[in-house]
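Following: one structure in structure tokens, then a few remarks.
Number of protein chains: 2
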Amino acid sequence: MENKIATPHSGSPPVVVVGGGFGGLSCARALAGSGVQVTLIDRKNHHLFQPLLYQVATAALSPADIAIPIRSILSDAANVEVLMGEVVAVDHHERCVILEDGQRIPYGILVLAVGSAYNYFGHPEWQDVATSLKTIGDARRIRARLLRSFEEAERCNDIARRSRLMTSVVIGGGPTGVEMAGTIIELARHTLRRDFRHIDPSHARVVLVEAGRRLLGALPEKCSSYALQTLRKKGVEVHLGTTVKEIDETGIRTETTEIAAATVIWAAGIRANPAAQWLGVEPDRSGRIAVAPDLSVPGRPDIYVVGDAAQFDAGGHPLPALAQVAQQQGRWLGRHLRTGRPPSAFVFRNRGDTAVIGRDAAVYAFRSWSFTGRLAWFLWSLVHIVLLIDFEKRVLVSFQWLWRYITSSRGARLID
Amino acid sequence: MENKIATPHSGSPPVVVVGGGFGGLSCARALAGSGVQVTLIDRKNHHLFQPLLYQVATAALSPADIAIPIRSILSDAANVEVLMGEVVAVDHHERCVILEDGQRIPYGILVLAVGSAYNYFGHPEWQDVATSLKTIGDARRIRARLLRSFEEAERCNDIARRSRLMTSVVIGGGPTGVEMAGTIIELARHTLRRDFRHIDPSHARVVLVEAGRRLLGALPEKCSSYALQTLRKKGVEVHLGTTVKEIDETGIRTETTEIAAATVIWAAGIRANPAAQWLGVEPDRSGRIAVAPDLSVPGRPDIYVVGDAAQFDAGGHPLPALAQVAQQQGRWLGRHLRTGRPPSAFVFRNRGDTAVIGRDAAVYAFRSWSFTGRLAWFLWSLVHIVLLIDFEKRVLVSFQWLWRYITSSRGARLID
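The listed protein sequences derive, respectively, from chains Y and X.
Note that the first sequence covers residues 1 to 416 in UniProt numbering.
Note that the second sequence covers residues 1 to 416 in UniProt numbering.
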């Protein structure tokens, strides 16, 4: 079995990268301008800046502000081609990927960067009534539901129905759930404050439900308390140690209570997209593929996995499913594939864990330090601008984004 | 029968305005801050800046750039309320409008500003295969179709199919058709130029079909020739004096030729939305309601029509269906309803007729003067900035729009 990373040379099958998210795109970009032929395949035509997707869902940014056409990012790289298509299988004996229409794309090296999706913990039927937040389509559905509920409430004479229309429930107290709850309450209490004549949007009810004993379980205790205090001060009702038992079109039911709500948002757990099936390997509990220190798949020559779909052991525990992990893995792998040197071990450099709680409040944890409030918000935006600049070739556009975020484009409130 | 415009006073039924486009919105804004209660009803939650809709369809602007929430525009006007709903009937005996769920909204004065839709000249089945451009949804569908066709062509090995995927047909040589054809060719030949590896987007074919003998038939001859020359120089194939006989998923057929095309866009004729039925009056050939010099409907006390749905006689010929006509009518009517003075006659002040042909080419006709080229483009943007500022309360935002238009946000190229 070969020790060395084989570098495909001109004329041989390319490096095929499946997925245009943080992992796949940074891998392709690290290979740009090299002698290596690369083919990047994604189901969509755009790279989505997911950390800000909750902003689209709460009508503070619009889809175009956080989506970048993949071709546009890679157009200067003559050795990289982009195909829009869906991979449905991998034939690792014949060394090719198979697309939705049967087309076979041969690979010399395969990089799987397929990401993750939300996990409904054995209740797939909840997906229809509790939208998760993974794609632009999800964000627009949630946004439409929120705004339409206020519009209906404005016309509604039935008190119980009006109350239900003005209630939202967010399930899951990790960063996404905290961000959603914090921005929905801001949408209601600030943005829409003066827009209605029969209802008072500041009476909207936002409920955040978390099964664990604290919010932001992966961050230090200090950040959890700050998030809890801040959300409660903003008016969010936070239920900790609470598990959801039932969800339907009228709302949710927990062990102890029923909440009638027009909008239910699922942010409670993720699961890797099923690349393990393609390779015929056994995934872990979250559907992830265990990888070696060089990100390769044991027993599957010339196949690598990066990002949310990979289970990478870092000193006894797996790396979390974060944008910065995917980006660093993709870039590291791309650089190694470029040089063809013997493989070494990937090392993750944590730039800090962050979560936003509102327009002026965030938490930021780095090693033993925790920051909260405006300083944390500033650090959060630094981290995200760096992530963003990596894909936007021009710093100007990154600041345009920041400008729009700050000035809160009203056009983002479209119901379409 | 009363001569005077009745001004509803506090406690009496309000002025109900149906439609949040240029006509309805400018009427409501002219009444803002008066003692008159106003209720504005629209099916959507946003006002759409239609002159730039073709920019969204060709992926140069995104929906949020040209859509403004109606509530946001009117939030400061305490006497104006906004309802999101669809009017399905008018009971002019009981003096109320009826919404889609049966809710009845009483009016003291009714202003119908329902606008227009595209006219398929007796071929309603063409609507499925030839999208018209009236709403954000239309624009996104066209955009997705254009971009997806290039994506499929990139993966396609069949020459005939590839050629069809890279062909678009625009039907109708008025301003909308000319703008669409000009910007699609720019999308292909400039914006997407370097993004593909297997196809050359500059080989895309754009065909513009017009039944009349010249483009822009409502503008002077000089403008028509300039538009024709400019489009042909950009690479658009223009067929004049040509009527479309058949349209299906494979393309179009005229009297003389067949054109295989993946994208067919209908911009060939408009028809007023059917308010005439609501009132039980006979519409003209285009579905418009004939109005008196004060914009009222003869035989229907306290009912007015503004915009595309009104047929207003100006010196022997009806005013055209233009944004500036609707805006001026709405504003004039609002001011008169505010003061309650005896009615006079509406007079339209033409600020010039314009059409854009590309990023640097436009035509502008005012009285006996015609301008073409960059000067016309500059005048075009002045006219449109004035229209836009009228609804955006801050000049800053209008310039943000202009900035985005010039810098051509890549995010607008989302396929979602």
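By construction, the Cβ of each residue, glycine as well, lies at the ideal position given by its N, Cα and C atoms.
Closest residue to residue i among the options (Cα-Cα distance)
{"i": "Leu133(Y)", "options": "Asp284(Y), Ile142(Y), Lys245(Y)", "result": "Ile142(Y)"}
{"i": "Ile68(Y)", "options": "Met166(Y), Gly21(Y), Gln37(Y)", "result": "Gly21(Y)"}
{"i": "residue 476(Y)", "options": "Leu322(Y), His92(Y), Gln37(Y), Pro301(Y)", "result": "Here chain Y has residues from 1 to 416 only, and residue 476(Y) is not among them."}
{"i": "Leu146(Y)", "options": "Val56(Y), His93(Y), Leu112(Y), Ala211(Y)", "result": "Val56(Y)"}
{"i": "Gln37(X)", "options": "Asp308(X), Glu282(X), Val82(X)", "result": "Val82(X)"}
{"i": "Asp294(X)", "options": "Arg338(X), Ala345(X), Trp266(X)", "result": "Ala345(X)"}
{"i": "His47(X)", "options": "Leu337(X), Asn273(X), Phe150(X), Pro63(X)", "result": "Pro63(X)"}
{"i": "Gly299(Y)", "options": "Arg288(Y), Gly307(Y), Gly280(Y), Asp308(Y)", "result": "Gly280(Y)"}
{"i": "Arg374(X)", "options": "Ile357(X), Leu388(X), Ile385(X)", "result": "Ile357(X)"}
{"i": "Gly315(X)", "options": "Phe348(X), Gly102(X), Cys156(X)", "result": "Phe348(X)"}
{"i": "Leu30(X)", "options": "Gln50(X), Phe49(X), Asn79(X), Lys44(X)", "result": "Looking at the sequence itself, residue 30(X) is Ala, so the reference to Leu does not match. Nearest option by C-alpha distance: Asn79(X)."}
{"i": "Arg43(X)", "options": "Tyr118(X), Ala77(X), Thr135(X)", "result": "Thr135(X)"}
{"i": "Ala232(Y)", "options": "Ile289(Y), Gly334(Y), Ala361(Y)", "result": "In the sequence under discussion, the amino acid at residue 232(Y) is Arg, which differs from the Ala named in the question. For Arg232(Y), the nearest C-alpha among the options comes from Ala361(Y)."}
{"i": "Trp369(X)", "options": "Pro220(X), Arg162(X), Thr131(X)", "result": "Pro220(X)"}
{"i": "Ser116(X)", "options": "Ala28(X), Ala326(X), Pro301(X)", "result": "Ala326(X)"}
{"i": "Val170(Y)", "options": "Glu237(Y), Arg148(Y), Ile415(Y)", "result": "Glu237(Y)"}
{"i": "Asp308(X)", "options": "Ala276(X), Pro301(X), Ile159(X)", "result": "Ala276(X)"}
{"i": "Arg197(X)", "options": "Gln229(X), Cys156(X), Met180(X)", "result": "Cys156(X)"}
{"i": "Ile270(Y)", "options": "Ala28(Y), Tyr118(Y), Glu94(Y)", "result": "Tyr118(Y)"}
{"i": "Thr131(Y)", "options": "Pro274(Y), Met180(Y), Arg214(Y), Glu154(Y)", "result": "Met180(Y)"}
Contacts around residue i, its chain only, beta-carbon distance under 7 Å, and the 5 residues preceding and following it disregarded
{"i": "Ser202(X)", "result": "Ala188, Arg189, Arg193"}
{"i": "Pro318(Y)", "result": "Gln311, Phe312"}
{"i": "Glu152(Y)", "result": "Leu165"}
{"i": "Arg335(Y)", "result": "Ala30"}
{"i": "His92(X)", "result": "Leu279, Arg300, Ile303"}
{"i": "Trp380(Y)", "result": "Thr354, Val356, Ala362, Tyr364"}
{"i": "Arg351(X)", "result": "Gln324, Val383"}
Own chain partners of residue i with C-beta closer than 6 Å, once the 5 adjacent residues on each side are dropped
{"i": "Pro13(Y)", "result": "Pro106, Tyr107, Gly108"}
{"i": "Leu53(X)", "result": "Leu133, Ala139"}
{"i": "Thr58(X)", "result": "Thr183, Ile184, Leu187"}
{"i": "Arg413(Y)", "result": "Ala59"}
{"i": "Gly102(Y)", "result": "none"}
{"i": "Ser296(Y)", "result": "Tyr304"}
{"i": "Arg104(Y)", "result": "Cys96, Ile98"}
{"i": "Arg394(Y)", "result": "Note that Arg394(Y) has pLDDT 49, beneath the 50 cutoff, so the model's placement of it is unreliable and the number below is only indicative. For Arg394(Y), where only same-chain residues beyond five positions count, there are no Cβ hits under 6 Å."}
{"i": "residue 418(Y)", "result": "Since the first residue of chain Y shown is 1 and the last is 416, residue 418(Y) is not available in this structure."}
{"i": "Gly230(Y)", "result": "Note on identity: in this sequence residue 230(Y) is Thr, with Gly being the wrong assignment. The residues are Ile357, Ala361."}
{"i": "Ala262(X)", "result": "Ser149, Arg164, Leu165"}
Contact under 8 Å by Cβ, residue i with residue j
{"i": "Lys234(X)", "j": "Gly182(X)", "result": "yes"}
{"i": "Arg331(X)", "j": "Ser75(X)", "result": "no"}
{"i": "Gly85(Y)", "j": "Gln329(Y)", "result": "no"}
{"i": "Ile41(X)", "j": "Val18(X)", "result": "yes"}
{"i": "Val206(Y)", "j": "Ser168(Y)", "result": "yes"}
{"i": "Ser72(Y)", "j": "Asp200(X)", "result": "no"}
{"i": "Glu100(Y)", "j": "Val111(Y)", "result": "no"}
{"i": "Ala268(Y)", "j": "Arg288(Y)", "result": "no"}
{"i": "Gly137(Y)", "j": "Ala77(Y)", "result": "no"}
{"i": "Ala290(Y)", "j": "Asp284(Y)", "result": "yes"}
Own chain partners of residue i with C-beta closer than 8 Å, once the 5 adjacent residues on each side are dropped
{"i": "residue 417(X)", "result": "Residue 417(X) is absent from the model: chain X starts at 1 and stops at 416."}
{"i": "Glu249(X)", "result": "Val129"}
{"i": "Leu216(Y)", "result": "Gly173, Gly174, Pro175, Val178, Cys223, Ser224, Ala227, Ala355, Val363"}
{"i": "Thr254(Y)", "result": "Val209, His239, Thr242, Thr243, Val244, Lys245"}
{"i": "Trp126(X)", "result": "Tyr120, Ile247, Trp266"}
{"i": "Pro51(Y)", "result": "Ala323, His384, Leu387"}
{"i": "Ala260(Y)", "result": "Ala160, Ser163, Arg164, Thr167, Thr250, Gly251"}
{"i": "Asn45(Y)", "result": "Pro69, Ile70, Arg71, Met84"}
{"i": "Ile415(Y)", "result": "Arg143, Ala144, Leu147, Arg148, Glu151"}
Exercise. Could you list the residues in the stretch 54 to 66 of chain Y with a C-beta less than 8 Å from some C-beta on chain A, going in chain order?
Key: Absent from the structure: chain A. Protein chains present are Y and X.
Quiz prompt | Proximal residues, the stretch 147 to 160 of chain Y versus chain X, C-beta separation under 7 Å | solution = Within the stretch 147 to 160 of chain Y, Leu147, Glu151, Glu154, Arg155 place their CB atoms closer than 7 Å to a CB of chain X, listed in sequence order.
Exercise. Return the chain-ordered ranges of every beta strand (DSSP E) run that is complete within the stretch 75 to 131 of chain X and spans a minimum of 3 residues.
Key: With a minimum length of 3 residues, the unbroken runs of beta strand (DSSP E) contained wholly in the stretch 75 to 131 of chain X fall at 80 to 84, 87 to 91, 96 to 99, 104 to 106, 109 to 112, 116 to 118.
Quiz item: What residues in the stretch 183 to 216 of chain Y bring their beta carbon closer than 8 Å to a beta carbon of chain X?
Solution: Correct list: Leu192, Arg194, Asp195, Phe196, Arg197, His198.
Practice problem: Check distances from the C-beta atoms of the stretch 72 to 84 of chain Y to those of chain X and list, in chain order, the residues that come in under 7 Å. | Solution: Within the stretch 72 to 84 of chain Y, the residues whose Cβ lies closer than 7 Å to some Cβ of chain X are Ser72, Ser75, Glu81, Leu83, Met84, listed in chain order.
Quiz item: If you scan the stretch 181 to 261 of chain X from start to end, which runs of the beta strand (DSSP E) of 3 or more residues do you find wholly inside it?
Solution: Every beta strand (DSSP E) of 3 residues or more that sits fully in the stretch 181 to 261 of chain X is shown, in chain order, as 205 to 209, 237 to 239, 244 to 248, 251 to 254, 258 to 260.
Quiz item: Listed from N- to C-terminal order along the chain, which residues in the stretch 24 to 45 of chain Y have their beta-carbon within a distance smaller than 7 Å of any beta-carbon of chain X?
Solution: Here the close residues are Lys44, Asn45.
Quiz item: Of the residues that make up the stretch 291 to 313 of chain X, which ones have a beta carbon closer than 9 Å to any beta carbon in chain Y?
Solution: The residues in question: there are none.
Quiz item: Mind pulling the beta strand (DSSP E) runs of 3 or more residues that sit fully within the stretch 259 to 302 of chain X?
Solution: Counting whole runs of 3 or more residues, the stretch 259 to 302 of chain X contains the beta strand (DSSP E) stretches 263 to 266, 270 to 272.
Quiz prompt | Every unbroken alpha helix (DSSP H) within the stretch 31 to 59 of chain Y, with a cutoff of 4 residues, ordered by chain | solution = Secondary structure within the stretch 31 to 59 of chain Y: the alpha helix (DSSP H) runs of 4 or more consecutive residues, fully enclosed, are 53 to 57 (chain order).
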